[in-house]
Structures are given as structure tokens and as C-alpha cells.
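Mapping of the sequence shown onto the numbering used here: residues 60 to 450, in sequence order. A virtual CB, placed ideally from N, CA and C, is assigned to each residue, including glycine. No experiment lies behind these values; they were computed from the predicted model shown. Here the structure comes first, spelled out in C-alpha cells, and everything after it is commentary.
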Amino acid sequence: MKIENIEFFYLSMPEVNNSVDGSQDALLVRVTSGDHVGYGECEASPLTSISAYVCPLSHGACRPVKDTVLGEIIEKPEDIHRLRNKLHLNSMDLLQAPHTFSGIEMALWDLMGKKYNEPVWSLLGYKEVFPKLAYFSVLFGDNPDITYMRARDAKKLGFKAVKFGWGPIGKLNSKTDAEHFIAAREGFGEENYVMVDVGQIFIDDVEKASERVDILEKINATWLEEPFHAYEYDSFKNLKSKCKRLRIASGEGCHNTYMAKNLMKYGQIDFVQIDCGRIGGIGPAKEIVDFAIKNNVTYVNHTFTSHLALSASMQPFSGVEDFFISEYPGNPMKLATEITVNSIDKDKNGYIKIPDGPGLGVDINLPSLKKYLRNVEISIDSNTIFQSSEL
């Protein structure tokens with residue numbers, strides 16, 4: 060199959076605010092080869108990622124992403140891996156390249172799966188897949204009462220696991236944070252999983268992060284996620300030494316496999332969380348799955364947007380029974396829910412199963428997306444180097 064065309068669609072809600080809700084906009088990627096079409100989604104700034112695809116050549120190690128992929132031939136999974144290695148050499152100084160390539164790479168797997176009438180997980184080498192316990196991913200409320208209500212709502216929806224993130228945590232004091240943690244546990248019930256994500260708020264301050272350990276252990280939190288920047292390996296290691304039962308999670312901020320492996324080796328994290336829309340796609344994520352198995356670390360997907368991204372994020376670890384839990388977007392914006400026709404729904408026990416259809420197993424709802432499409436034109440010296448395509 061020759062990669063004949065790659066199109067980017069910048070989709071956005073009518074209004075975007077400065078909350079950390081990543082479902083307010085999206086960058087949909089469409090790759091075409093003859094009669095075959097594949098879709099992917101970048102988890103990054105849409106316009107910046109488009110620019111990385113079309114930007115002029117700066118020098119030999121700073122080439123536009125299109126120079127790596129457009130016109131290439133792919134027939135087997137190894138060809139996608141080959142393009143990834145080629146990108147590393149061609150665009151090593153183009154820092155947005157991994158994000159841009161992530162959506163393209165997803166679409167290539169989707170394309171290949173549709174050509175061979177196989178799900179992506181089968182192309183990755185899995186013979187069977189296992190259901191995952193879906194954890195409802197939602198933001199902390201502005202006050203503990205709102206956090207409590209959100210936890211109660213998640214329980215009413217039938218979820219057995221919930222993760223609260225960001226919000227006011229770490230911005231005031233440990234006492235206020237403790238009130239939120241207690242509210243989350245009380246609202247969700249003692250018998251269920253509760254996880255906490257603090258969005259790198261402590262940067263590298265182990266002392267401040269450790270002030271939250273006792274209360275998190277008291278409420279039996281499963282993990283504390285992203286207390287520090289993803290490259291603060293010593294901080295992760297030092298915080299872990301202060302924990303008795305609490306486990307540490309991180310990885311969504313990794314933009315390549317080396318960062319994720321170093322987090323496991325030197326940061327000694329317990330859960331590694333990978334976003335296929337950031338790390339370079341499905342192939343690199345599968346590499347981290349294999350590394351995690353060898354290093355006794357539990358792999359978890361990261362996703363907060365559409366079910367296209369959810370399906371892609373589940374593919375790399377779908378065939379590993381011990382990696383039992385999956386992030387599930389809790390209250391995404393309407394844009395995210397309308398990207399696909401079909402969805403990945405949990406069963407009565409709170410589990411989700413990866414689609415078994417060809418490729419990523421989800422269909423794109425093109426008519427519903429037209430109202431979200433932003434028209435983008437990028438020009439240099441009056442020459443247009445990018446123009447939005449028609450959906």
C-alpha cells in the first residue's frame with residue numbers, strides 16, 4: 060500500500076477555555092491508500108501539529124513530518140516501525156514531530172487492519188484479548204462537595220473505579236486536598252478503586268508531595284498519579300520510598316519510549332501510563348507494554364477524549380490479562396462523543412472490551428463533525444502550504 064494522502068482536520072468546540080479538559084478540541088488524521096482509509100487522533104495542539112507536518116525544511120535533521128511518510132509503501136507492521144525510525148532521524152530537532160506522527164501512526168494501523176480484515180490487536184501479535192476494568196476519569200470539583208457529588212454520580216453510573224484529577228489539588232494546602240480525597244472516597248464507596256491525579260503540580264518537590272501520602276493511604280487510594288514532571292526520576296524514586304501502601308503512577312507526559320523506560324527504571328514507578336497520541340503511536344506503546352512486563356510494572360492507557368483514541372489506547376495492552384484496568388473518559392465534550400458512530404461501552408460489572416472489527420474497530424461520524432471543523436490555511440510568501448480538506 061502506498062501512502063497517497065494524509066489529511067488533518069482541526070475540530071473544536073465553539074468556545075475553548077483554560078480548563079485542563081483535553082476534549083475541547085481534536086486533531087483527526089485521515090490516511091488514504093487506494094480504496095483503503097484509516098483514521099487516527101493526535102493528542103496535542105492541533106494547529107501546532109499541522110504545522111509540524113507541513114513546515115519548510117530547516118535542515119537535514121529538522122524536516123517536515125510529511126517528508127517521512129507521504130508516498131511510502133507499507134505492507135506489514137514492520138513498515139510502520141521503519142517509518143518511526145526514519146522520523147527520528149529526519150525530524151529529531153522538530154519537537155512536535157512525535158505528536159504529529161502519533162495520529163498518523165494510529166491511522167496507518169487502522170488502514171492496515173482494514174486491508175487485511177484484522178483488528179489492530181491481532182496485527183500486534185495477540186491471539187486473544189481480555190476485558191479491562193474501566194475507571195471513570197473526571198476532574199476534581201472546585202470544592203469537596205462537588206467532588207463528592209461527582210464520585211457519587213460515577214458510582215450511580217455503575218463504575219467500579221474512578222480517578223479524580225487536577226482541579227484545586229496542590230494549589231492551596233494539604234488540609235484542603237485531604238478534604239477532597241476524603242470526599243472522593245466517601246462518595247464512591249469503600250469497596251471500589253479510587254485513584255488521584257495531581258497533574259505534575261509539585262514539579263520536583265518531594266516534601267510537598269509527601270504531605271499527601273498519609274491521607275491517600277488512609278483512604279486506600281490505588282495510586283498517586285503524576286506528582287512530578289515526567290523526567291524527574293529522582294523525585295519519583297524518593298517519594299516512593301516514603302510510601303507504605305500507596306503506589307505511584309506516571310507516563311502520560313512521555314513523548315518517546317526512552318522517557319517511559321527511564322521512569323520505570325530510575326523513577327521506579329508502579330504504573331506506567333502511556334498516551335498513544337503523544338508517544339508516537341500504537342507501536343511505541345506496545346514496546347512499553349513489553350518492557351513493563353519484564354520490569355514488573357503495570358501498564359495503563361491514558362486517554363481523555365474520543366472513543367477513537369480510547370480504542371487506539373487499548374490495543375497495545377489488550378492481550379495482557381494482568382494489565383487489568385483502563386482509563387475511560389468520564390464527561391468529555393460533545394465534540395469527543397461525536398467523533399465516532401459506535402462507542403466502547405462498559406458492561407454491568409464495569410468492564411469494557413476492545414472492538415474486534417477490522418483496524419481500530421470504530422467508525423468515524425463524518426457528518427456530525429462538520430460543525431466543529433476549523434478552516435485552516437497556512438501560507439508562506441503567498442504560497443499555500445496547507446489548506447483544510449473537506450470532511
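Can you tell me whether DSSP reads residue i as helix, strand or coil?
{"i": "F330", "result": "strand"}
{"i": "V90", "result": "strand"}
{"i": "E386", "result": "strand"}
{"i": "A210", "result": "helix"}
{"i": "P11", "result": "Within the shown structure, residues of the chain are numbered from 60 to 450, placing residue 11 beyond reach of any answer."}
{"i": "P178", "result": "strand"}
{"i": "N408", "result": "coil"}
{"i": "T316", "result": "helix"}
{"i": "L142", "result": "helix"}
{"i": "K222", "result": "strand"}
{"i": "G97", "result": "strand"}
{"i": "I403", "result": "coil"}
{"i": "I341", "result": "helix"}
{"i": "S161", "result": "helix"}
{"i": "A308", "result": "strand"}
{"i": "L170", "result": "helix"}
{"i": "A237", "result": "helix"}
{"i": "A85", "result": "strand"}
{"i": "L153", "result": "coil"}
{"i": "L148", "result": "helix"}
{"i": "L183", "result": "coil"}
{"i": "L322", "result": "helix"}
Rank the options by C-alpha distance to the C-alpha of residue i and give the top, closest one.
{"i": "G326", "options": "L419, I338 and F295", "result": "F295"}
{"i": "P481", "options": "F445, I347, D422 and I241", "result": "This structure leaves residue 481 out entirely; the chain is present only between 60 and 450."}
{"i": "E164", "options": "L192, P190, M151 and T127", "result": "T127"}
{"i": "D415", "options": "L425, N424 and S402", "result": "S402"}
{"i": "E66", "options": "D94, D201, V400 and L129", "result": "L129"}
{"i": "P115", "options": "P136, I439 and W225", "result": "I439"}
{"i": "N77", "options": "K320, G226 and E386", "result": "G226"}
{"i": "D84", "options": "S92, V90 and S71", "result": "S71"}
{"i": "E137", "options": "V435, L298, S269 and E346", "result": "E346"}
{"i": "E276", "options": "K303, F287, Y252 and S92", "result": "K303"}
{"i": "S213", "options": "Y98, N144, R244 and G162", "result": "Reading the sequence as shown, one finds Ala at residue 213 and not Ser. Closest option to A213, Cα to Cα, is R244."}
{"i": "N354", "options": "L369, E380 and K324", "result": "K324"}
{"i": "V221", "options": "D256, K320 and V188", "result": "D256"}
{"i": "H158", "options": "R337, G248, F287 and P105", "result": "R337"}
{"i": "T431", "options": "C313, I62, P73 and E63", "result": "In the sequence on display, residue 431 carries Tyr and not Thr. That would be P73, whose Cα lies nearest to the Cα of Y431."}
{"i": "D264", "options": "D293, L198, V179 and T281", "result": "D293"}
{"i": "H314", "options": "E102, G81 and L86", "result": "E102"}
{"i": "I62", "options": "V75, Y98, V79 and E249", "result": "Y98"}
{"i": "E436", "options": "P426, T281 and E449", "result": "E449"}
{"i": "F287", "options": "D273, G312, I278 and T281", "result": "G312"}
{"i": "S82", "options": "D381, L367 and V379", "result": "L367"}
{"i": "G340", "options": "T316, A351, K320 and D349", "result": "T316"}
{"i": "L425", "options": "E249, A120 and T396", "result": "T396"}
Are the beta-carbon atoms belonging to residue i and residue j less than 8 Å from one another?
{"i": "L170", "j": "G418", "result": "yes"}
{"i": "M373", "j": "N390", "result": "no"}
{"i": "I444", "j": "V113", "result": "yes"}
{"i": "M60", "j": "H95", "result": "yes"}
{"i": "L322", "j": "L305", "result": "no"}
{"i": "F160", "j": "Y194", "result": "no"}
{"i": "G258", "j": "A289", "result": "no"}
{"i": "G335", "j": "A371", "result": "For the sequence presented, residue 335 should be read as Cys rather than Gly. Yes; because the gap between Cβ atoms is below 8 Å, this pair is in contact."}
{"i": "I48", "j": "L167", "result": "Nothing can be reported for residue 48: it is not among the residues displayed for the chain, which extend from 60 to 450."}
{"i": "S300", "j": "E270", "result": "no"}
{"i": "Y69", "j": "P123", "result": "no"}
{"i": "F383", "j": "V356", "result": "no"}
{"i": "S196", "j": "Y410", "result": "no"}
{"i": "G51", "j": "V88", "result": "Residue 51 is absent from the structure shown; the chain starts at 60 and stops at 450."}
{"i": "G229", "j": "I260", "result": "yes"}
{"i": "H13", "j": "T281", "result": "In the structure as shown, the chain starts at 60 and stops at 450, and residue 13 therefore has no counterpart that could be examined."}
{"i": "I398", "j": "S365", "result": "yes"}
What is the residue span of the beta strand (DSSP E) that residue i lies within?
{"i": "E436", "result": "E436 to I439"}
{"i": "S71", "result": "N64 to S71"}
{"i": "N232", "result": "Segment: none, N232 is in no beta strand (DSSP E) and carries neither H nor E."}
{"i": "I132", "result": "Unbroken run through I132: none, as it is neither H nor E."}
{"i": "N442", "result": "N442 to Q446"}
Looking at the unbroken alpha helix (DSSP H) that takes in residue i, where does it start and where does it end?
{"i": "V197", "result": "Careful: V197 lies outside any alpha helix (DSSP H), inside the beta strand (DSSP E) at K191 to L198."}
{"i": "S427", "result": "L425 to L428"}
{"i": "K125", "result": "K125 to V128"}
*Could you pull out every unbroken alpha helix (DSSP H) segment of at least 4 residues lying fully inside the stretch 244-305, listed in chain order?*
Taking 4 residues as the minimum length, the alpha helix (DSSP H) runs contained wholly in the stretch 244-305 are 265-269, 272-277 and 292-299, in order along the chain.
*Of all the alpha helix (DSSP H) runs that stay within the bounds of the stretch 346-398, which reach a length of 4 or more residues?*
366-373 and 393-396
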